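Residue numbers (UniProt numbering): 1 to 145. Every residue, glycine too, gets a C-beta built ideally from N, C-alpha and C. Since the model is a prediction, treat every value here as computed from it, not as a measurement. Encoded as structure tokens, the structure appears first; notes follow it.
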Amino acid sequence: MRNSLGTKPVFRLDERLQRDTFPVASLTLCELLLSNNAHYPWLILVPRREGITEIYQLEPADRDQLWRESHQVSVWMANHFQFDKLNIGALGNVVSQLHLHHVGRRQNDPAWPGPVWGHGASIGYGSDQVEKIKRAFPGQLCFSA
Numbered sequence: 001m002r003n004s005l006g007t008k009p010v011f012r013l014d015e016r017l018q019r020d021t022f023p024v025a026s027l028t029l030c031e032l033l034l035s036n037n038a039h040y041p042w043l044i045l046v047p048r049r050e051g052i053t054e055i056y057q058l059e060p061a062d063r064d065q066l067w068r069e070s071h072q073v074s075v076w077m078a079n080h081f082q083f084d085k086l087n088i089g090a091l092g093n094v095v096s097q098l099h100l101h102h103v104g105r106r107q108n109d110p111a112w113p114g115p116v117w118g119h120g121a122s123i124g125y126g127s128d129q130v131e132k133i134k135r136a137f138p139g140q141l142c143f144s145a
């Protein structure tokens with residue numbers, strides 16, 4: 001998608017996502033973020049496409065790549081974290097920038113079986129926990145197009 005000058009707009013991560021997450025990896029299409037809520041294993045894919053708020057707005061190749069990256073993140077999460085159900089969703093009611101949540105849910109988590117959004121206070125990660133997750137991630141997956 002190009003602007004009126006014929007150049008691609010610069011990607012900017014929404015300030016709320018910047019504030020509430022930690023960067024994990026830059027994938028082919030997406031930035032991979034860790035939500036700063038240790039109650040749940042919670043990763044977020046954000047396509048580096050400016051002005052996109054819905055999955056259907058992505059170009060077909062980007063849409064396909066988003067699903068590939070979502071699949072690979074899901075498999076990695078299933079191998080790295082223990083959970084009973086993986087919830088995947090693109091809500092966008094608060095942050096309109098397209099982002100795809102991957103939330104591992106446990107039957108004994110604080111919000112089960114309801115939604116995690118708006119449920120009580122979060123527990124932040126310590127810097128050592130974040131670094132451990134970041135180190136574990138890159139060597140286990142290949143994100144080629």
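Query	Result
Sorted by chain position, which residues of the same chain lie with C-beta nearer than 7 Å to P23's C-beta, five sequence neighbours on each side aside?	E31 and L33
Give me, in chain order, the residues of the same chain whose beta-carbon lies closer than 7 Å to that of D109; leave out the 5 immediate sequence neighbours on both sides.	H39 and Y40
Where do the N-terminal and C-terminal ends of the alpha helix (DSSP H) with K134 fall, by residue?	S127 to A136
Mapping the DSSP letters down to three states, classify N79 as helix, strand or coil.	helix
So, for V130: in the same chain, excluding its five sequence neighbours on each side, which residues have a beta-carbon less than 6 Å away from its beta-carbon?	F22
Could you check where the alpha helix (DSSP H) with residue 153 kicks off and where it finishes?	Here the chain covers residues 1 to 145 and nothing more, so residue 153 does not appear.
Tell me which residue opens and which closes the alpha helix (DSSP H) that E50 is part of.	Segment: none, E50 is in no alpha helix (DSSP H) and carries neither H nor E.
Quick one: what's P23 bridged to in DSSP?	L33
By DSSP, does L86 sit in helix, in strand, or in coil?	strand
Buried or exposed: which applies to R49, given that a residue is buried once 16 or more other Cβ atoms fall within 10 Å of its Cβ?	buried
Helix, strand or coil: which one does DSSP assign to L13?	coil
Could you check what DSSP says for I55 in three-state terms: helix, strand or coil?	helix
If you count every other CB in all the chains shown that lies within 10 Å of the CB of W42, and 16 or more means buried, which is it?	buried
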